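A quick write-up on the structure given underneath.
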Amino acid sequence: MNASSALGAVAPSRLARRNPTVKLAILFIVSLALLFVFDPATPALLYLLGLAAVLGFARIPLRTLVLAHLPFVGFALGILVVNALSRPGEVLVDLPPIRVTVEGLQVGSALALRTMAIGILSIGFIGTTDPVALMTSLHQHARLSARVTFAVLAGYRMLQQLPREWQVIRQAQSVRAPLRSDGATRFGIREFGRAAFTLLVVSLRRGERMSQSLESRGLGLGARTVWRPVPLGPADWLLFAGTLGVLALVITGVGTLGLGIGPGVLF
Amino acid sequence: MLHGASFTIAAGERVVLFGPSGAGKSTLLATITGVVPHSVIAQVTGSVTVAGRDALATEVVELSRHLGVLPQDPDSAVCLPGVEQELAFVLENRAVPPAEISDRIDAVLAIVGAGRLRDRQTGSLSGGESQRVALAAALIGRPEILVLDEPTSMLDADGLRQVRDAVDAAARPGTVAVLLVEHRLDEYAGSRGAAGLPERCIVLGADGTITHDGPTASVLPTAAVDLHRAGCWLPSEIELRAALGLAGGLTEPDVQRALLALAGEGCGAPEVFGPVVLAGRDLAVSREVAPRPVRRGQWPFRRAALDAGDGHAARGGHPAGDGRTEGRRVLLSGVNLELRAGEIVAVLGRNGAGKSSLLLTLAGLLAPAGGTVTGARPGLVFQNPEHQFLGNTVREEIAVGLPVGSARVDRVLTGHGLGPLADRNPYRLSGGQKRKVSLAAMLVHERASLLADEPTLGLDRRSTIATIAAFRRAARVGRGILLCSHDLRTVATLADRVLVVADGRIVADGSVVEVLRQGDLLARAGITVPPLLRWLVARLDSVAQVRRVLDALDTTVDAGDTVPAAEAR
Chain Z
519 MNASSALGAV
529 APSRLARRNP
539 TVKLAILFIV
549 SLALLFVFDP
559 ATPALLYLLG
569 LAAVLGFARI
579 PLRTLVLAHL
589 PFVGFALGIL
599 VVNALSRPGE
609 VLVDLPPIRV
619 TVEGLQVGSA
629 LALRTMAIGI
639 LSIGFIGTTD
649 PVALMTSLHQ
659 HARLSARVTF
669 AVLAGYRMLQ
679 QLPREWQVIR
689 QAQSVRAPLR
699 SDGATRFGIR
709 EFGRAAFTLL
719 VVSLRRGERM
729 SQSLESRGLG
739 LGARTVWRPV
749 PLGPADWLLF
759 AGTLGVLALV
769 ITGVGTLGLG
779 IGPGVLF
Chain U
1146 MLHGASFTIA
1156 AGERVVLFGP
1166 SGAGKSTLLA
1176 TITGVVPHSV
1186 IAQVTGSVTV
1196 AGRDALATEV
1206 VELSRHLGVL
1216 PQDPDSAVCL
1226 PGVEQELAFV
1236 LENRAVPPAE
1246 ISDRIDAVLA
1256 IVGAGRLRDR
1266 QTGSLSGGES
1276 QRVALAAALI
1286 GRPEILVLDE
1296 PTSMLDADGL
1306 RQVRDAVDAA
1316 ARPGTVAVLL
1326 VEHRLDEYAG
1336 SRGAAGLPER
1346 CIVLGADGTI
1356 THDGPTASVL
1366 PTAAVDLHRA
1376 GCWLPSEIEL
1386 RAALGLAGGL
1396 TEPDVQRALL
1406 ALAGEGCGAP
1416 EVFGPVVLAG
1426 RDLAVSREVA
1436 PRPVRRGQWP
1446 FRRAALDAGD
1456 GHAARGGHPA
1466 GDGRTEGRRV
1476 LLSGVNLELR
1486 AGEIVAVLGR
1496 NGAGKSSLLL
1506 TLAGLLAPAG
1516 GTVTGARPGL
1526 VFQNPEHQFL
1536 GNTVREEIAV
1546 GLPVGSARVD
1556 RVLTGHGLGP
1566 LADRNPYRLS
1576 GGQKRKVSLA
1586 AMLVHERASL
1596 LADEPTLGLD
1606 RRSTIATIAA
1616 FRRAARVGRG
1626 ILLCSHDLRT
1636 VATLADRVLV
1646 VADGRIVADG
1656 SVVEVLRQGD
1666 LLARAGITVP
1676 PLLRWLVARL
1686 DSVAQVRRVL
1696 DALDTTVDAG
1706 DTVPAAEAR
């Protein structure tokens, strides 16, 4: 079976062989734990550990890895700048109208690094997980109903078709639009709205037809079998326990060194 | 809309359902599959029993144990990311032991001739492949009834043949009853004619009642005239019987004589066309959008539009990246074409050969991957009219881009017979009406050239004839028209010139008669000529004669007159 993820084909790797529900649970727990951490050291350490794990065990092509970083880097920079400039506290740089505070830099960098830490784990998760396996596993191991998991999978297929559909709609509508004096067509909020409306109508219809197809294939008949169960073995539990152990170690380690900062910094 | 319909289908029986648009064929199918009344609200009286169960009281899902359904649109017929998963899904839902699933997947794929598709992702399948996988998914649960709802209407000739053969193979063992609704039965029946259709036929009248029910071979000739008048596409021998009043089909000398009489003599006055309105020079076409900076530099009509304040063509070439292809995958290259005012040119070729991308490139919506496009800005009518709708009513739709209160709007509304629909929402019209609106909305701008992508796809015969008439009117007032189509009959009726696309280039450029006579070329381009057209092209020397015959047959549709056989001789 050719597994493929949202980031392209899934290469066989140690991380790709692990149970998707376990990987998702790890991602969720680490993200939750980071919500209570406001020092830069913990997320930075977690990011580096995550990066090492992805490089060592995920076999995601380097180019894909770098490209997948971009949205997280952009978001992280945004958070850093907003916090550094807007948070009250001890002034570090004062060049009106720019005023950077120590607290702002500290919280900003912590939040930015949090984004990066969650980012690298998400990349590791998405890049090594086949959506079908994820849905099968969520059905098997997280008791998610088959109606939900297969609706999501059908939605995933529709999502794959959306960019193409959008392009066609834009082309179809712009051929009708009046030309501006420079020979181009206008594409403003109105045009965007119109194209989005068309996409919505077309997608709703397709969604309706797809749900009819799913029903006519017998989705929801009752007890069902699973052809290729996703395995959940000792190695998965080891991964789960190991990662949470490392997480605990990092948080307590940073705390012992006196670098840990909790949510109290906000008040 | 459908009433008084009573029939039973025995196990293993094969049935085709005939009827004009709007007679309720789809409603009937939806009632059998349970979509009506469970998903679509409708009033149903009487009873529907599927495999001993009352379909009106049974949920769609429960009915799925007995029914296999193959819908029209290949994109929504397949729901999951992988072919294997799609097929396994059906068996998993029926709690089939996992150990049996793999073998059953292999077995069903072998029946539909799609064994090598097993490991494919569904997103990479062509239309014909998608439909065969969907057929396999409908069959794998071993249903008692297979319901086929216009399964080939979105496919090209190759796809149609593949799906039809797969359906035949599935029905051969006689374990599953087949109920087929198909729009282009002339194409579906293929060269075998009516013998290529299921052996039993049920005919719905325009009023939604069953008018005939019996063996196809005896019912079709009886119902021929009614169906033909009502605008159904029929296998050629049935159509000729209805139009000429002569039985026996193309092999019958009487029929041949009648057709030759319709063709008349001579090739008519040679057509004279105006100046070139759109031209491609050494054009390379790619489906992918060019990188932004390149696209801005290459917008083909930028200069034409700048120079032409009065909307008239000012011709000027645009060097297009020195023939570089910017790393885009090129579908077609070395395309040289000229479209003249008043001329109608058709582009033929397989799905995916680059026909649509060629139109987009000529329309300036895709930058050429090489070469130049010159001419004034063309109009382009897309395959799915809904993609182009911008207004909330038909009147607003036509008025888009025109000055407020333009007199042209009303003129076009009446001219295209859209007057009664002027205040309706375009999304709520029938398929044929939507096409009409999108065509009218493009023609109202009176651009020098009009491009059209599959303008007759999915239309019944009446709407097709109306579309042909609209294109002819536009050409007569000096538009240059370029269309791509799989509908060879419409192409033969309309086109002054035919281009054939295959192997990444244009392989033929000539009149319909010249091009359709070249069997090996057509085979290479995946084009199947319907029997009647094949015969006409072989026997007649000029396009004008072929057109006279096709026009004469078309005129018998609306009025329902048969051409008197004696006069035809």
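Taken in sequence, the protein lines are chains Z and U. Counting in the working numbering, the first sequence runs from 519 upward without gaps. Counting in the working numbering, the second sequence runs from 1146 upward without gaps. C-beta: ideal position from N, C-alpha, C; glycine also. Just so it is clear, the structure is predicted and the values come from calculations on it, not from any experiment.
In this structure U/Ile-1672 does not touch U/Ala-1334 by the C-beta definition: roughly 18 Å separates them, more than the 8 Å allowed.
Rounded to whole angstroms, the gap between the alpha carbons of Z/Leu-777 and Z/Ala-628 is 12 Å. Per DSSP, U/His-1561 is not a residue of any beta strand (DSSP E), being assigned neither H nor E. For Z/Ser-531, the closest Cβ of chain U is not nearer than 9 Å. In this structure, U/Ala-1512 keeps its C-beta atom at 9 Å or more from the C-beta atom of U/Val-1421. Assigned with DSSP and collapsed to three states, U/Ala-1424 falls in strand. For Z/Val-666, no Cβ of chain U is located within less than 9 Å of the residue's own Cβ. Looking only at U/Ile-1246, U/Ala-1388, U/Glu-1397, the smallest Cα-Cα distance to U/Ala-1697 is reached by U/Ala-1388.
Here U/Ser-1151 is exposed, its C-beta having fewer than 16 other C-beta atoms within 10 Å. For U/Val-1206, there is no enclosing beta strand (DSSP E); the enclosing alpha helix (DSSP H) covers residues 1205-1208.
Annotation note: the stretch 1340-1388 of chain U contains the following uninterrupted alpha helix (DSSP H) runs of length 4 or greater, listed N- to C-terminal: 1361-1374.
Between U/Gly-1497 and U/Pro-1165, the C-beta spacing is not below 9 Å.
Excluding its 5 nearest sequence neighbours in each direction, U/Pro-1366 has C-beta neighbours in its own chain below 8 Å: Ile-1383, Arg-1386, Ala-1392, listed in chain order. By the beta-carbon neighbour count (other beta carbons within 10 angstroms, threshold 16), U/Gln-1230 is buried. For U/Leu-1681, the enclosing alpha helix (DSSP H) starts and ends at 1676-1684. Boundaries of the beta strand (DSSP E) around U/Ala-1653: 1650-1655. In this structure, the straight-line span from the alpha carbon of U/Arg-1495 to that of Z/Ile-544 is close to 49 Å. Relative to the Cα of Z/Gly-736, the nearest Cα in the group U/Val-1490, U/Gly-1487, U/Val-1214, U/Ser-1336 belongs to U/Val-1214.
About 26 Å separates the beta carbon of U/Leu-1604 from that of U/Gly-1623, a gap too long to meet the 8 Å contact definition. Comparing C-alpha distances from U/Ser-1656 to each of U/Ile-1246, U/Ala-1491, U/Thr-1354, U/Leu-1325 shows the shortest one belongs to U/Ala-1491. In chain U, no part has a C-beta under 8 Å from the C-beta of Z/Trp-684; the shortest such distance is about 10 Å.
Per DSSP, the unbroken beta strand (DSSP E) holding U/Thr-1519 starts and ends at 1515-1520. Around the beta carbon of U/Asp-1294, 16 or more other beta carbons lie within 10 angstroms, which makes this residue buried. Counted as a single uninterrupted DSSP element, the beta strand (DSSP E) harbouring U/Val-1490 occupies residues 1489-1494. Linking Z/Thr-560 to Z/Ile-769 through their CA atoms gives a straight-line distance of about 6 Å. Interface criterion not met: the Cβ of Z/Thr-774 is under 9 Å from no Cβ in chain U.
Z/Ile-779 carries a coil assignment under DSSP once its states are collapsed to helix, strand and coil. Rounded to the nearest whole angstrom, the C-alpha separation of Z/Ile-578 and Z/Ala-524 is 12 Å. Between the stretch 616-624 of chain Z and the stretch 587-606 of chain Z, the count of Cβ pairs shorter than 8 Å is three or higher; the stretches touch. The CB of U/Ser-1184 comes closer than 9 Å to the CB of Glu-726, Ser-729, Gln-730, Glu-733 in chain Z, given here in chain order. Taking 9 Å as the cut-off, the Cβ atoms of U/Ala-1615 and U/Leu-1633 do not count as close. Taking U/Pro-1182 as reference, the option from U/Gly-1169, U/Arg-1693, U/Ala-1316, U/Leu-1201 with the minimal CA-CA separation is U/Leu-1201. Distance from the CA atom of Z/Pro-749 to the CA atom of Z/Ala-759, rounded to whole angstroms, is 17 Å. The bridge partners DSSP lists for Z/Thr-619 are Z/Val-609. If you ignore the 5 residues before and after U/Arg-1592, its C-beta comes within less than 7 Å of the C-beta of Ala-1521, Arg-1522, Pro-1523, Gly-1524, all in its own chain and listed in chain order. DSSP, read as helix, strand or coil, puts Z/Ala-690 in helix.
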